[in-house]
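J.:
Number of protein chains: 2
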Amino acid sequence: MRQTDLLEPEDTALAALSDAFGDKLVLSEAARAQHAGLEGHHTGGLPDAVLMAASRDDVVAAVDLCARNGLAIVPHGAGTSLEGHLSAVRGGLSIDLTAMDRILEIDPQNMLCRVEPGVTREQLNLALRDHGLFFPIDPGANASLGGMAATRASGTNAVLYGTMRDNVLSLEVVTAQGRVIETGTRAKKSSAGYDLTGLFVGSEGTLGVITAVTLRLHGIPQAILAGTVAFDDISDAVRAVIQAIQFGLPVARIELLDEAQIRACNAFSKLDLAERPTLFLEFHGTDDGVAEQAALFGEIARELGGGELETALRTEDRTRLWKARHDAYFAAKALRPGAKVWTTDVCVPIASLAESIAATRADIDESGALATIVGHVGDGNYHVLFVLDPNAPEDRDVAAGINERMVARAIRLGGTCTGEHGVGIGKRQCLLDERGADAVALMATLKHALDPAGMFNPGKIFL
Amino acid sequence: MRQTDLLEPEDTALAALSDAFGDKLVLSEAARAQHAGLEGHHTGGLPDAVLMAASRDDVVAAVDLCARNGLAIVPHGAGTSLEGHLSAVRGGLSIDLTAMDRILEIDPQNMLCRVEPGVTREQLNLALRDHGLFFPIDPGANASLGGMAATRASGTNAVLYGTMRDNVLSLEVVTAQGRVIETGTRAKKSSAGYDLTGLFVGSEGTLGVITAVTLRLHGIPQAILAGTVAFDDISDAVRAVIQAIQFGLPVARIELLDEAQIRACNAFSKLDLAERPTLFLEFHGTDDGVAEQAALFGEIARELGGGELETALRTEDRTRLWKARHDAYFAAKALRPGAKVWTTDVCVPIASLAESIAATRADIDESGALATIVGHVGDGNYHVLFVLDPNAPEDRDVAAGINERMVARAIRLGGTCTGEHGVGIGKRQCLLDERGADAVALMATLKHALDPAGMFNPGKIFL
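Here the protein sequences come in this chain order: A and B. Anchor point for the first sequence: position 274 equals 274 in the working numbering, and the numbering is continuous, going up by one each time. Anchor point for the second sequence: position 192 equals 192 in the working numbering, and the numbering is continuous, going up by one each time.
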């Protein structure tokens, strides 16, 4: 007697998957818990099983089996998303794509590459270095490129190089019908039909499974100059950013860390920065170009009461600075032993950024919450990192209130409830508040048309 | 007795439209012929009526009436599209949006504006000039911004500033259900839900009617330097472009005109350019910056056997040069009295551009066709302008063969069948050849989901 004969329908599906995939299908509690999206502040839902996919064919076969058996699918990359995207709210199969980590092609002549979805941005940049090229999108975490495409990631370099929206040329996607499509071409631009690449970038795993990514690359700049400048007042720091952007200064990175975050970074990364709101900057260009840009920015900062722009040209100094910036999350977390960090983000039109950040910082202080502000301020995008005491459930309610008011203000200012983290579970009501019922209904119509059974990543984006 | 009592169902629909819109509904043969997409080489289909829409409310009411009466709708801007987009293949209502030409808002602080769809790019740039801002997308014709969004237009400045895909922040759209949605926000980036803006940009009027456009603006550069450089060989000219792009030279415009086109321009625009393949360039930046860029490009050109880079800093010289470039279509048309011009375009990965253009030029010459080549070569995008003798029907067949082979080659090189003109009627088979049946079927699924009755611009994009 086969084992399947005694099983429930769902178990039958798992048995079928097990038959098809053997050791690649993992059913252990530990593996399922690792794939439940427990990072971040959302409650995770455990998948029934995890498939360690090794190839596109694995994904096609899994989609086919899940479709026939009514099993949900949650595509899973490096697991660094922040809005509960990976939670298997309806159980089903987590398709782990991290083993699909081959760089399929680097084409320096056309400044593009094609990678499997599990390739991480650090892995890619290491491989690109000898070609004098790099991939600029840097959300901080060492995310997978498939995941970054799925969440429309951006990060510190987006002010100059754009987001995943601008740097994905094409995706290979397995659809709900188990077909493999290519969403674009290798041409720099195209007006051939609907922009399927744009539709799948940012669709958060709800429309299909990404199995390959074609990316636009950029030349490593001849010169890179990093710098920091501190301000007494956070609004003055933001005003300096606004002026630089309005002036058209082609700054590559312009990050704000508020006083609380600088304090956290000093402690965590053994730095001795002045504990004041501080901008971290980076200029890309020729030797003369970056010097000129830095001088111009220094002038703007001084006029707004900022300190001296302290620059770092040496790679190791730059690396140390940006490592501290990238560790901001862990530095905030270390502010409170055993803390959970809830990271949220909004993005507003640049001229409203000072107003938006000042109001949020005041709200945090009045609410007595422990939270830092970190921002990709050149884009009008910033984060609040709530440092929650897991033994004080009221902490979460206070944070929820601040987050709700921050999002409402961003929407009122013409902005968006999320600049780069996505909707996931956490921002579903915010999306409705921002776009209105008709626009979200139109998104739901698209979802239903491509995935009528609601197989792909259920419970995300839509309430 | 009311006039409607004696009429057929379609006439009843027209009578209902006439009742609702009065003088704004035009039924004359002349107006209908003007809205049949007769420009270009496609055969036009006459709409049954033309609505001169004055407001969003007009559009909503028209969509509602057409939906109830099963009438097709063809949205109509300045009428400069090239692939038969405006042909009313199923009759119905042409909604002329040119009277909706109000600039609703200019927001210099956030470097954005909001316009009605009938505003033309020249009208907008005139209004922006006093703010020190401009809108860079320039397809040549004085197209409407709604139409440019609908066809994902790009043109001469796209190499530096991107296409409509990159410069539309949000659209107001009337859907098939008569609902008014806003596809985006005013934030520079967002990851809130599916990219509806990206879906509607380039949808060629098949998913809804655009009633307002929010656009990203750019600062007028401090210095603009234009220049021309001629080559003996067209492949060397293209190789200079490839090298400049691979070097990362931030050139704002880089246009190729082949020998035949230069000859046409000299005659039409009273110029005395050497009759050789020539690049028209423009550099944007600071005084020093543009001089440095021009010097660098001059070096690249010389190394590849190009002539001297002849520069023009004065506005009137630049204007004369670019006017000639913009009049390339009319210059080609004037090569043969009474000629019809068929303009096609492809876009290939930059490293394959020389091969692509050389093969196409050779094919034209071997076929004995009268045709010029003009290209936005910095993007890998170029056009062939076939100058057809209307009394020699075989001209069209020869052109069709060259076009088919050019598209097939572009696809083989990883490129696209159209970089900026769109699919319309003319490139429907090419779209299938390029993306494959599954990807195009997915596009059709999206179309059917949003417009189940197939009301919007039928017969376009899909065979």
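C-beta: ideal position from N, C-alpha, C; glycine also. All values reported here derive from a predicted model rather than from experimental measurement.
Relative to the C-alpha of glutamate 255/A, which candidate in Ala240/A, Phe268/A and Gln246/A has its C-alpha closest?
T.: Position 255 of the first sequence, counting from 1, holds the residue named residue 255/A. Per the Cα distances, Ala240/A.
J.: Please compile the residues from chain A whose C-beta is within a distance smaller than 7 Å of the C-beta of histidine 510/B.
T.: Chain B is shown only over 1 to 463; residue 510/B falls outside these bounds and no answer can be derived.
J.: Looking at the strands, I want to know which residues DSSP matches up with proline 75/A.
T.: Position 75 of the first sequence, counted from the first residue, corresponds to residue 75/A. Proline 75/A is bridged to Ile95/A.
J.: Kindly indicate if chain B contains any beta-carbon less than 7 Å away from that of glycine 219/A.
T.: As a position in the first sequence, residue 219/A is number 219, starting the count at 1. So, interface residue.
J.: Of the choices Glu292/B, Gly305/B, Ala328/B and Leu304/B, whose alpha-carbon is the least far from that of threonine 311/B?
T.: To locate residue 311/B, count along the second sequence from 1; it is residue 311. The candidate whose alpha carbon is nearest that of threonine 311/B is Glu292/B.
J.: With 7 Å set as the bound, which would you pick, yes or no: does the beta-carbon of lysine 179/A sit closer than that to a beta-carbon of chain B?
T.: For this step, residue 179/A is matched to residue 179 along the first sequence. Inspection of the sequence shows that residue 179/A is occupied by arginine rather than by lysine. Output row for arginine 179/A: interface = yes.
J.: For arginine 129/A, does the count of other Cβ atoms within 10 angstroms reach 16, so buried, or fall short, so exposed?
T.: For the purposes of this step, residue 129/A is taken as residue 129 along the first sequence, with counting starting at 1. Label assigned to arginine 129/A: exposed.
J.: Compare the C-alpha of isoleucine 461/B against each of Ala439/B, Thr445/B, Asp433/B and Ile425/B and name the closest.
T.: Position 461 of the second sequence, counted from the first residue, corresponds to residue 461/B. Comparing Cα-Cα distances from isoleucine 461/B to each of Ala439/B, Thr445/B, Asp433/B and Ile425/B, the minimum goes to Ile425/B.
J.: Is it buried or exposed, lysine 447/B, if we count other Cβ atoms within 10 angstroms and call 16 or more buried?
T.: The residue labelled residue 447/B in the question sits at position 447 within the second sequence. Buried, by the Cβ-count rule.
J.: Going by C-alpha to C-alpha distance, which of Glu204/A, Gly208/A, Thr183/A and Thr206/A sits closest to leucine 476/A?
T.: Coverage of chain A is limited to positions 1 through 463, which leaves residue 476/A absent and any answer about it impossible.
J.: Thinking C-alpha only, which one of Asp11/B, Val180/B and Ser28/B is nearest aspartate 438/A?
T.: As a position in the first sequence, residue 438/A is number 438, starting the count at 1. Ranking the options by Cα distance to aspartate 438/A, first place goes to Val180/B.
J.: Whose C-beta lies closer than 7 Å to the C-beta of methionine 1/B among residues of the same chain, with five residues either side of it excluded?
T.: Numbered from 1 along the second sequence, position 1 holds the residue referred to as residue 1/B. Confidence in methionine 1/B is poor, its pLDDT being 40 and thus under 50, which makes the residue's placement unreliable; the coordinate value appears in the next sentence. No residues qualify anywhere along the chain.
J.: Check whether the Cβ of arginine 2/A lies closer than 7 Å to any Cβ atom in chain B.
T.: The sequence position of residue 2/A within the first sequence is 2, counting from 1. Low confidence applies to arginine 2/A: its pLDDT is 45, below 50, so where it sits in the model is not reliable, and the reading given next is rough at best. No - not a single Cβ of chain B is within 7 Å of the one on arginine 2/A.
J.: With H, G and I counted as helix, E and B as strand and the rest as coil, what does DSSP make of tyrosine 194/B?
T.: Locating residue 194/B in the second sequence gives position 194, where the first residue counts as 1. DSSP places tyrosine 194/B in coil when its eight states are reduced to three.
J.: For threonine 416/B versus threonine 185/A, is the C-beta distance shorter than 7 Å?
T.: Here residue 416/B corresponds to residue number 416 of the second sequence, with the count starting at 1. Here residue 185/A corresponds to residue number 185 of the first sequence, with the count starting at 1. In this structure, threonine 185/A lies closer than 7 Å to threonine 416/B by Cβ.
J.: What three-state label does DSSP hand isoleucine 461/A in the structure shown?
T.: What you label residue 461/A is simply residue 461 of the first sequence in a count that begins at 1. Residue state, collapsed to three classes: coil.
J.: Output the residue ranges of the alpha helix (DSSP H) runs that lie fully inside the stretch 340-428 of chain B and measure 4 residues or longer, sorted by chain position.
T.: The stretch 340-428 of chain B contains these whole alpha helix (DSSP H) runs: 353-367 and 393-412.
J.: Show which residues of chain A have a CB atom less than 8 Å away from the CB atom of arginine 165/B.
T.: Locating residue 165/B in the second sequence gives position 165, where the first residue counts as 1. Here the neighbours are Lys189, Asp195 and Gly198.
J.: In chain order, what residues of the same chain have a beta carbon less than 6 Å from the beta carbon of alanine 202/A, not counting five sequence neighbours either side?
T.: Start at 1 with the first residue of the first sequence, and residue 202/A comes out as number 202. Residue identity differs from the one stated: residue 202/A is glycine in this sequence, not alanine. Cβ neighbours of glycine 202/A beyond the five flanking positions: Arg152.
J.: Secondary structure at phenylalanine 247/B, three-state DSSP: helix, strand or coil?
T.: Here residue 247/B corresponds to residue number 247 of the second sequence, with the count starting at 1. Phenylalanine 247/B falls in the helix class under three-state DSSP.
J.: Mind listing the chain B neighbours of threonine 183/A? Cutoff is C-beta to C-beta under 8 Å, in chain order.
T.: Locating residue 183/A in the first sequence gives position 183, where the first residue counts as 1. Ordered by position in chain B, the residues that pass the 8 Å Cβ test against threonine 183/A are Ala439.
J.: Would you list the one or two residues that DSSP bridges to glycine 219/B?
T.: Residue 219/B sits at position 219 when you count from the first residue of the second sequence. According to DSSP, glycine 219/B bridges with Leu133/B.
J.: Give the residues from the stretch 369-382 of chain A that approach chain B closer than 7 Å (Cβ to any Cβ), ordered along the chain.
T.: The residues in question are Asp379, Gly380 and Asn381.
J.: Within the continuous alpha helix (DSSP H) that includes aspartate 107/B, where are the two ends?
T.: On the second sequence, position 107 is the one that residue 107/B refers to. Here aspartate 107/B belongs to no alpha helix (DSSP H); instead the beta strand (DSSP E) covers 103-107.
J.: Work out the CA separation of isoleucine 357/A and alanine 53/A for me, nearest whole Å.
T.: As a position in the first sequence, residue 53/A is number 53, starting the count at 1. As a position in the first sequence, residue 357/A is number 357, starting the count at 1. Using only the alpha carbons, I get a separation of about 42 Å.
J.: Using a cut-off of 8 Å between C-beta atoms, extract the partners of glutamate 434/A located in chain B.
T.: The count along the first sequence starts at 1 and reaches residue 434/A at position 434. Thr185 and Ala192, listed in chain order.
J.: Who are the near neighbours of glycine 298/B in its chain, counting only those whose CB is closer than 6 Å to its CB and skipping five residues on each side?
T.: Your numbering for residue 298/B matches position 298 in the second sequence. Hits under 6 Å: Leu309.
J.: Do you know how far the Cα of leucine 145/B is from the Cα of glutamine 243/B?
T.: Against the second sequence, residue 243/B aligns to sequence position 243. Against the second sequence, residue 145/B aligns to sequence position 145. Glutamine 243/B and leucine 145/B: Cα-Cα distance of roughly 33 Å.
J.: Would DSSP call glutamine 3/A helix, strand or coil?
T.: The residue you call residue 3/A lines up with position 3 of the first sequence. Low confidence applies here, because glutamine 3/A scores a pLDDT of 47, under 50, leaving its location unreliable and the question unanswered by this model.
J.: With a threshold of 7 Å between beta-carbons, can glutamine 109/A be considered close to chain B, or not?
T.: By 1-based counting over the first sequence, the position of residue 109/A is 109. With 7 Å as the cut-off, glutamine 109/A counts as an interface residue toward chain B.
J.: Once the 5 residues before and after glutamate 259/B are set aside, which same chain residues still bring their CB inside 8 Å of it?
T.: As a working mapping, residue 259/B is identified with position 259 in the second sequence. Hits under 8 Å: Ile234, Glu275, Arg276 and Pro277.
J.: Against chain B, with Cβ distances strictly below 7 Å, would alanine 99/A count as a contact?
T.: Within the first sequence, the letter at position 99 stands for residue 99/A. No, alanine 99/A does not count as interfacial toward chain B.
J.: Using CA coordinates, which residue listed in Arg405/B, Val74/B and Pro250/B is at the minimum distance from isoleucine 45/B?
T.: Indexing the second sequence from 1 puts residue 45/B at position 45. The sequence shown places glycine at residue 45/B, rather than the isoleucine named in the question. Comparing Cα positions, the closest option is Val74/B.
J.: At what residues does the beta strand (DSSP E) containing serine 170/A begin and finish?
T.: As a working mapping, residue 170/A is identified with position 170 in the first sequence. Note, serine 170/A: beta strand (DSSP E), 168-174.
J.: When you check each C-beta in the stretch 152-163 of chain A against every C-beta of chain B, which residues fall closer than 7 Å?
T.: Within the stretch 152-163 of chain A, the qualifying residues are Arg152, Ser154, Ala158 and Thr163.
J.: For a test of the three-state rule: what should DSSP assign to valine 115/B, helix, strand or coil?
T.: Within the second sequence, the letter at position 115 stands for residue 115/B. Of the three classes helix, strand and coil, the one that applies to valine 115/B here is strand, per DSSP.
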